[in-house]
Amino acid sequence: MSDSLPLQSRLERLARSPLAHRTAMATGFQLLRLLLQVGFLILLARALAPEQYGVFVGTAGLATAAAGLSGLGTGMLMVKQVATRPTLWSAAWRHALRMFLSTGTFSSLLFVASAPSLLHVSLSATALACIGLSELICLPVVYLGGFAFQAFDRIAWSAALPCVMAAARLTGTIAFLGSASPRTLDEYLTYHAIASVIAALLTIGLVKGMLRPASSSSGVPKGTTTEALRFCAGWFTNNALVEMDKSLAVRFGSPATAAAYALAYRLASSLSTPTTSLVLSAQPRLFAAEGAHRRGLALKVFMTAAGCSLAGCLAMLVLAPALPWVFGQAYRQAGDFAVLLALLPLAFGLRFVLGSLLVAEGRPGMRAMLEALGCVVMIVTAARLIPRYGAHGMVGMVMISEVTVAIAAAIMLLILRRRAVSPDVPPPSEPQA
Numbered sequence: 000m001s002d003s004l005p006l007q008s009r010l011e012r013l014a015r016s017p018l019a020h021r022t023a024m025a026t027g028f029q030l031l032r033l034l035l036q037v038g039f040l041i042l043l044a045r046a047l048a049p050e051q052y053g054v055f056v057g058t059a060g061l062a063t064a065a066a067g068l069s070g071l072g073t074g075m076l077m078v079k080q081v082a083t084r085p086t087l088w089s090a091a092w093r094h095a096l097r098m099f100l101s102t103g104t105f106s107s108l109l110f111v112a113s114a115p116s117l118l119h120v121s122l123s124a125t126a127l128a129c130i131g132l133s134e135l136i137c138l139p140v141v142y143l144g145g146f147a148f149q150a151f152d153r154i155a156w157s158a159a160l161p162c163v164m165a166a167a168r169l170t171g172t173i174a175f176l177g178s179a180s181p182r183t184l185d186e187y188l189t190y191h192a193i194a195s196v197i198a199a200l201l202t203i204g205l206v207k208g209m210l211r212p213a214s215s216s217s218g219v220p221k222g223t224t225t226e227a228l229r230f231c232a233g234w235f236t237n238n239a240l241v242e243m244d245k246s247l248a249v250r251f252g253s254p255a256t257a258a259a260y261a262l263a264y265r266l267a268s269s270l271s272t273p274t275t276s277l278v279l280s281a282q283p284r285l286f287a288a289e290g291a292h293r294r295g296l297a298l299k300v301f302m303t304a305a306g307c308s309l310a311g312c313l314a315m316l317v318l319a320p321a322l323p324w325v326f327g328q329a330y331r332q333a334g335d336f337a338v339l340l341a342l343l344p345l346a347f348g349l350r351f352v353l354g355s356l357l358v359a360e361g362r363p364g365m366r367a368m369l370e371a372l373g374c375v376v377m378i379v380t381a382a383r384l385i386p387r388y389g390a391h392g393m394v395g396m397v398m399i400s401e402v403t404v405a406i407a408a409a410i411m412l413l414i415l416r417r418r419a420v421s422p423d424v425p426p427p428s429e430p431q432a
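Written out as structure tokens, the structure is:
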């Protein structure tokens with residue numbers, strides 16, 4: 000009985016913890032988004048042939064990877080600025096929105112011109128423009144809205160906004176299926192783009208209605224461009240690491256096999272939802288904390304993330320046989336991919352949380368460098384493994400790259416912590432920042 004009291008006390012403290020409360024709310028919205036995305040994926044995969052669905056996920060993956068350049072880091076910079084100086088909110092929001100719209104437009108034009116030669120796919124310029132509008136302009140604007148709510152520690156709303164995009168795209172897919180349009184990818188992409196535009200406009204309206212950015216003439220502090228670009232590098236490399244694998248699977252493999260791989264990968268990323276929710280919930284507090292308090296909070300976040308990720312691995316094995324039944328027998332290979340990718344939630348979750356801890360330590364450039372290394376590893380392994388081993392090569396591509404980044408990030412965090420706890424003996428060759 001004496002041992003149960005401390006445990007009960009600990010559980011009660013956990014239930015009252017603001018971090019636990021925000022994480023639970025964020026996870027709830029993430030689960031809602033997951034349900035909406037599952038509905039979207041089921042309907043779209045059943046509507047399109049595997050070859051067409053593979054072309055879609057590969058092409059959209061390339062655009063989403065490039066979307067990390069949208070805004071040039073002003074979204075994450077806004078989170079940090081407003082968390083420490085709330086008076087900067089209005090100026091930071093206006094500046095970030097302008098940057099997201101202008102850079103997204105430029106990236107869309109570049110995407111339309113380069114995607115066919117990069118991926119060796121045949122899509123019309125109109126279809127590519129619809130993907131560019133959806134993934135390079137509208138989707139980043141929705142994430143910018145999430146950053147805005149995150150800056151005010153309103154994590155539930157930050158997690159709810161992606162549900163708006165997921166619901167809009169599900170509605171667009173239902174409208175496509177209910178129309179007389181041919182069941183082709185080119186026809187669907189028009190509905191995809193319209194739904195994405197509606198979600199982006201609704202996001203802007205919610206930010207203006209709830210957070211009320213003023214129309215003052217004050218500007219953002221000078222000298223923040225370099226810091227914003229560091230955040231941009233981190234967002235871009237993280238996006239590329241998460242999305243580029245589908246594009247590489249199409250480029251070096253077949254669209255049909257890439258489609259089955261993408262469905263299994265989406266299952267793994269969905270099962271990582273509790274981990275990403277935890278990190279997003281803790282990020283403002285990690286930015287604000289210092290010294291031993293930050294290290295203690297970081298350890299708590301890491302251990303919880305590891306537990307959530309291990310649960311995701313078990314769920315991958317349990318749910319793998321259901322994938323062909325859910326998406327149709329044309330995608331029966333997705334179940335085999337899910338078994339092969341059973342450890343991906345753990346690799347993905349640990350890589351994500353370790354990278355976020357590097358950002359909290361003021362090292363976003365280091366995180367970006369490690370994720371860029373992961374992208375290089377992914378490209379090299381894709382070019383070497385996929386043509387030779389097919390499906391197993393796709394699995395090797397993503398697992399090797401994720402594990403490489405996670406191990407490198409862990410090593411760098413250990414080095415930083417050792418320096419932090421030994422201030423009296425600084426490394427003599429290390430220049431002062």
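At position 386 of the sequence shown (counting the first as 1) the number is 385 in numbering that gives the first Met the number 0, and the numbers step up by one without a gap. Note that the Cβ used here is the ideal one computed from N, Cα and C, for glycine as well. Note that the structure is a prediction, hence the values are computed from the model and not measured.
1. Return yes when at least one heavy atom of the ligand ZN lies under 7 Å from the C-beta of TYR142, else no.
2. If you follow the alpha helix (DSSP H) that GLU226 is part of, which residue opens it and which one closes it?
3. Helix, strand or coil: how does DSSP classify SER268 here?
4. Could you tell me the boundaries of the alpha helix (DSSP H) in which ALA337 lies?
5. Across the segment 304-322 and the segment 239-249, are there enough close Cβ pairs to call them in contact, namely three or more that are closer than 8 Å?
6. Tell me which same chain residues have a C-beta within less than 8 Å of the C-beta of MET411, skipping the five on either side of it?
7. Under 6 Å Cβ to Cβ from VAL78, same chain only, skipping five residues before and after it: list those, please.
8. Less than 8 Å between C-beta atoms, sequence neighbours within five positions excluded: which residues of the same chain meet that for TRP506?
9. For PHE326, which residues in the same chain have their Cβ closer than 8 Å to its Cβ, ignoring the five residues on either side in sequence?
10. Considering only the beta carbon of each residue, do PHE251 and ALA382 sit closer than 8 Å?
11. To the nearest angstrom, report how far apart ALA82 and TRP88 are at their CA atoms.
12. If contacts are defined as beta-carbon pairs under 8 Å, then LEU118 and LEU61 qualify, I think. What distance do you get, rounded to the angstrom?
13. So the candidates are TRP324, LEU415 and LEU343; which of them puts its Cα closest to the Cα of MET398?
14. Note down, in chain order, each residue of its chain lying with its Cβ closer than 6 Å to the Cβ of ALA329, except the 5 sequence neighbours on either side.
15. Taking the CB atoms as reference points, tell me whether ALA267 and LEU340 lie closer together than 8 Å.
16. Could you check where the alpha helix (DSSP H) with ALA95 kicks off and where it finishes?
17. Could you tell me which of THR183, ARG153 and GLY144 sits nearest to MET472, measuring between CA atoms?
18. For ALA304 versus VAL278, is the C-beta distance shorter than 8 Å?
19. Would you kindly work out how many angstroms separate the C-alpha atoms of ASP185 and THR223, rounded to a whole number?
20. Starting from the C-beta of ILE203, find all residues in its chain whose C-beta is less than 8 Å away, skip the five residues before and the five after it, and write them out in chain order.
21. Using CA atoms only, rank isn't needed, just tell me which of ALA179, ILE154, ILE193 and SER178 is closest to ALA166.
22. Considering GLU186, what are the terminal residues of the alpha helix (DSSP H) in which it resides?
23. Am I right that LEU71 and ALA227 are in contact with their C-beta atoms under 8 Å? What's the rounded C-beta distance?
24. Within this structure, are the beta carbons of MET396 and ILE385 separated by less than 8 Å?
A quick look at the data gives this:
1. Looking at this structure, you won't find the ligand ZN or any other ligand, since it has none at all.
2. What you label residue 226 is simply residue 227 of the sequence shown in a count that begins at 1. GLU226 -> alpha helix (DSSP H) spans 224-251.
3. For the purposes of this step, residue 268 is taken as residue 269 along the sequence shown, with counting starting at 1. SER268: helix per DSSP, three-state reduction.
4. Taking the sequence shown and counting its residues from 1, one reaches residue 337 at position 338. 332-339 is the span of the alpha helix (DSSP H), which, as asked, contains ALA337.
5. Per the Cβ contact rule, the segment 304-322 is not in contact with the segment 239-249 (fewer than 3 Cβ pairs under 8 Å).
6. Position 412 of the sequence shown, counted from the start, is the residue given in the question as residue 411. Cβ within range, chain order: LEU357, ARG362, MET365 and LEU369.
7. Residue 78 sits at position 79 when you count from the first residue of the sequence shown. So the qualifying residues of the chain are PHE146, GLN149 and ALA150.
8. The requested residue 506 does not occur in the structure, where the chain is confined to residues 0 to 432.
9. In the sequence shown, counting from the first residue as 1, residue 326 sits at position 327. LEU40, ILE41, ALA44, ARG45, LEU262 and ALA333.
10. What you label residue 251 is simply residue 252 of the sequence shown in a count that begins at 1. What you label residue 382 is simply residue 383 of the sequence shown in a count that begins at 1. Yes, they are a contact pair.
11. Working through the sequence shown from its first residue, we reach residue 82 at position 83. Working through the sequence shown from its first residue, we reach residue 88 at position 89. Computed Cα separation, rounded: 9 Å.
12. Working through the sequence shown from its first residue, we reach residue 118 at position 119. Working through the sequence shown from its first residue, we reach residue 61 at position 62. Contact flag correct, Cβ pair sits at about 6 Å.
13. Taking the sequence shown and counting its residues from 1, the one referred to as residue 398 is at position 399. The residue from TRP324, LEU415 and LEU343 with its alpha-carbon nearest to that of MET398 is LEU343.
14. As a working mapping, residue 329 is identified with position 330 in the sequence shown. Closer than 6 Å at the Cβ level, and outside the excluded window around ALA329, lie PRO49.
15. Within the sequence shown, the letter at position 268 stands for residue 267. Within the sequence shown, the letter at position 341 stands for residue 340. Against a cut-off of 8 Å, the Cβ pair of LEU340 and ALA267 comes out as a contact.
16. Position 96 of the sequence shown, counted from the start, is the residue given in the question as residue 95. Per DSSP, ALA95 belongs to the alpha helix (DSSP H) from 88-118.
17. In the structure as shown, the chain begins at 0 and stops at 432. Residue 472 is therefore absent and cannot be evaluated.
18. Here residue 304 corresponds to residue number 305 of the sequence shown, with the count starting at 1. Here residue 278 corresponds to residue number 279 of the sequence shown, with the count starting at 1. Yes, Cβ-Cβ distance for ALA304 and VAL278 is below 8 Å.
19. Locating residue 185 in the sequence shown gives position 186, counting from the first residue. Locating residue 223 in the sequence shown gives position 224, counting from the first residue. Counting only the Cα atoms, THR223 lies some 41 Å from ASP185.
20. Locating residue 203 in the sequence shown gives position 204, where the first residue counts as 1. Exclusion of the five residues before and after ILE203 leaves LEU96, VAL140 and GLY144 as the residues of its chain whose Cβ lies within less than 8 Å of its Cβ.
21. Taking the sequence shown and counting its residues from 1, the one referred to as residue 166 is at position 167. Cα-wise, what sits closest to ALA166 is ILE193.
22. One-based indexing of the sequence shown puts residue 186 at position 187. DSSP places GLU186 inside the alpha helix (DSSP H), whose first and last residues are 184-209.
23. Numbered from 1 along the sequence shown, position 72 holds the residue referred to as residue 71. Numbered from 1 along the sequence shown, position 228 holds the residue referred to as residue 227. About 6 Å; that satisfies the 8 Å criterion.
24. Against the sequence shown, residue 396 aligns to sequence position 397. Against the sequence shown, residue 385 aligns to sequence position 386. Result yes, Cβ atoms of MET396 and ILE385 sit closer than 8 Å.
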